[in-house]
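Take a look at the structure set out below.
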Amino acid sequence: MPRPRIAFVVQRCHEQALGGSEALCLALAQQMAAFADVEILTTCAVEYRTWANDLAPGEGRVRGLPVLRFPVASPREAETFDLLCGRIEHQPERLTMDEATDWMRRQGPDAPGLADHIRANADRYDAIVGCCYLYKTTYDALQAAPRGKRVLQPSLHDEWMARLPLWKPWFAACDRILSQTPEESALLAERFPDAPSPRNLPVGVPSPLTGDAARFRAKYGITGPFLLCLGRVERGKGTNDLAAFHHRWRTEAGGHVELVLAGPIIERPPVSESVRLLGRIPEEDKWDALAACTALVNPSAFESLSFVLLEAWQAGRPALVNAACAVTAGQCRRTGFGLSWSGYHGYRAAIEVILQHPDLAVQAPAWVEANHHWPVAAPLWLDAILGRSDRALAEQERI
Numbered sequence: 354m355p356r357p358r359i360a361f362v363v364q365r366c367h368e369q370a371l372g373g374s375e376a377l378c379l380a381l382a383q384q385m386a387a388f389a390d391v392e393i394l395t396t397c398a399v400e401y402r403t404w405a406n407d408l409a410p411g412e413g414r415v416r417g418l419p420v421l422r423f424p425v426a427s428p429r430e431a432e433t434f435d436l437l438c439g440r441i442e443h444q445p446e447r448l449t450m451d452e453a454t455d456w457m458r459r460q461g462p463d464a465p466g467l468a469d470h471i472r473a474n475a476d477r478y479d480a481i482v483g484c485c486y487l488y489k490t491t492y493d494a495l496q497a498a499p500r501g502k503r504v505l506q507p508s509l510h511d512e513w514m515a516r517l518p519l520w521k522p523w524f525a526a527c528d529r530i531l532s533q534t535p536e537e538s539a540l541l542a543e544r545f546p547d548a549p550s551p552r553n554l555p556v557g558v559p560s561p562l563t564g565d566a567a568r569f570r571a572k573y574g575i576t577g578p579f580l581l582c583l584g585r586v587e588r589g590k591g592t593n594d595l596a597a598f599h600h601r602w603r604t605e606a607g608g609h610v611e612l613v614l615a616g617p618i619i620e621r622p623p624v625s626e627s628v629r630l631l632g633r634i635p636e637e638d639k640w641d642a643l644a645a646c647t648a649l650v651n652p653s654a655f656e657s658l659s660f661v662l663l664e665a666w667q668a669g670r671p672a673l674v675n676a677a678c679a680v681t682a683g684q685c686r687r688t689g690f691g692l693s694w695s696g697y698h699g700y701r702a703a704i705e706v707i708l709q710h711p712d713l714a715v716q717a718p719a720w721v722e723a724n725h726h727w728p729v730a731a732p733l734w735l736d737a738i739l740g741r742s743d744r745a746l747a748e749q750e751r752i
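Next comes the structure, spelled out in structure tokens:
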């Protein structure tokens, strides 16, 4: 019996361009490669603010997987786009369809060759999986794909962009929608009632590296206890508010715990006296940092699944999350391995609880192994992507 062929569409695919949706797409493609012939269709962009063509078009490989890159026709003017978003974000549902389509064109990345490739080669694929609803690559690709093969892994957040009028007919035209958490499934059902019912599937995580806390402390000169935040440092990820809250806590309460931000620095927090900025760190250093930290903190209000929470729990570290994010707050509530905060006083209270209960996540590594293990999850994703059985539905109530 021939192996099925699956195309994954994602806005970027490069070792230096792995945000949450890109990382999930690459992980899914790696896992599906055990059962199917997979190909990743993407752009030549590395940097997401402008979508500049930093990579050569054509065939390549990432982590051994075949990647086909298409050039971005119109790189984004970041400042102009920011001004446009500022004008429409408070009432996006009032835009006309033409205005919403213009926003999508400006959002990008606009790589028309990718959609043209799908139209010309649709018969080669048994399924075309669009990863992350928010970008023009996915928007165009699933419109170019024939009915029966349109699979969406949306990474949907409760954000203003999801209220643009172009989404309801587009979601309704998908054949299968695959979500990562109960909260994402609920949001999908609420926002897009005419779309296919989402399937909530467990996302696996790789086995962790063995972290060395002493090695991390020696390399970065950190001697005392610290909270660790992993990911992009920018206002949209909540790091500005986090830095302000942490500085205030240290000032008012005499707190001795540092805040360490490790990830690409897009926007420096305005308050940095109590914050250590490391920039992007290697994978080995990340696991060393998790071994050394008191807890992980994820301040983002917009997540569809938090990989860093799962990695912290693999390392046996509790988590502090923004209560404004239903997904991460739900992950902590269901497991008991973390706390959510709202506002400064909530943040202060959560830190104090974590400091009093350092063993809060001692059972977390076993839980991750049982619930986010790729050998169990991958066959469920394969069946759901190909639409060939309803086995995946049985997992919805368990996750």
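Each number in my numbering corresponds to the 1-based position in the sequence shown with 353 added. Glycine included, C-beta positions come from ideal geometry on N, C-alpha and C.
Pairing residue 536 with residue 679 gives a Cβ-Cβ distance under 8 angstroms. About 7 angstroms separates the beta carbons of residue 558 and residue 660, which is inside the 8 angstroms limit, making them a contact pair.
The Cβ atoms of residue 590 and residue 652 sit closer than 8 angstroms to each other. The beta carbon of residue 602 is closer than 6 angstroms to those of 608 and 701 in its chain, skipping five residues each way along the sequence.
Between residue 489 and residue 458, the C-beta gap is smaller than 8 angstroms, which places the two residues in contact. With a threshold of 16 other beta carbon atoms within 10 Å, residue 693 meets it and is buried. Residue 724: not part of any beta strand (DSSP E); member of the alpha helix (DSSP H) spanning 717-724, first to last residue. For residue 408, the CB contacts under 7 angstroms within the same chain, skipping 5 residues up- and downstream, are 367, 397, 399 and 422 in chain order. A Cβ-Cβ contact shorter than 8 angstroms links residue 617 with residue 585. With 16 or more other Cβ atoms from the protein chains shown falling within 10 Å of its own Cβ, residue 656 counts as buried. Around the beta carbon of residue 436, fewer than 16 other beta carbons sit within 10 angstroms, so the residue counts as exposed. DSSP places residue 637 within a helical segment (H, G or I) once states are collapsed to three.
Going by DSSP, residue 538 is part of the alpha helix (DSSP H) stretching over 535-544. Take the alpha-carbon of residue 547 and the one of residue 574: they are about 54 angstroms apart. Only buried fits residue 385, as 16 or more other CB atoms lie within 10 angstroms of its CB. C-alpha of residue 664 to C-alpha of residue 464: approximately 33 angstroms in a straight line. Counting C-beta atoms within 10 angstroms of its own C-beta, residue 450 has fewer than 16 neighbours from the protein chains shown and is therefore classed as exposed. From the listed residues 698, 554, 646 and 512, the smallest Cα separation to residue 568 is found for 646. 658 is the residue among 493, 362 and 658 whose C-alpha sits nearest the C-alpha of residue 534. One alpha carbon belongs to residue 654, the other to residue 736, and they sit about 31 angstroms apart. Under DSSP, residue 530 takes part in a beta bridge, and its partners are 505.
Bounds of the beta strand (DSSP E) holding residue 632 are 628-632.
Look at residue 595 here: in three-state DSSP terms it is helix. For residue 484, the enclosing beta strand (DSSP E) begins and ends at 480-484. For residue 374, the enclosing alpha helix (DSSP H) has its first and last residue at 373-385. In this structure residue 410 does not touch residue 419 by the C-beta definition: roughly 14 angstroms separates them, more than the 8 angstroms allowed. Going by DSSP, residue 474 is part of the alpha helix (DSSP H) stretching over 465-474. In the assembly as shown, residue 705 is an exposed residue. Its beta-carbon has fewer than 16 other beta-carbons within 10 Å.
About 7 angstroms separates the beta carbons of residue 377 and residue 556, which is inside the 8 angstroms limit, making them a contact pair. Out of 565, 393, 622 and 600, the CA that lies nearest to the CA of residue 592 is found in 622. Per DSSP, residue 390 is not a residue of any alpha helix (DSSP H); the beta strand (DSSP E) it occupies stretches across 390-396. According to the DSSP secondary-structure assignment, residue 704 is paired through a beta bridge with no residue.
If you ignore the 5 residues before and after residue 716, its C-beta comes within less than 8 angstroms of the C-beta of 690, all in its own chain and listed in chain order.
Of the candidates 739, 472, 598 and 362, the residue whose Cα lies closest to the Cα of residue 624 is 598. Sixteen is the threshold: since fewer than 16 other Cβ atoms of the shown chains lie within 10 Å of the Cβ of residue 571, the residue is exposed. Beyond the five residues adjoining it in sequence on each side, residue 358 comes within less than 7 angstroms, by CB distance, of 389, 390, 477, 478 and 479 in the same chain, given in chain order.
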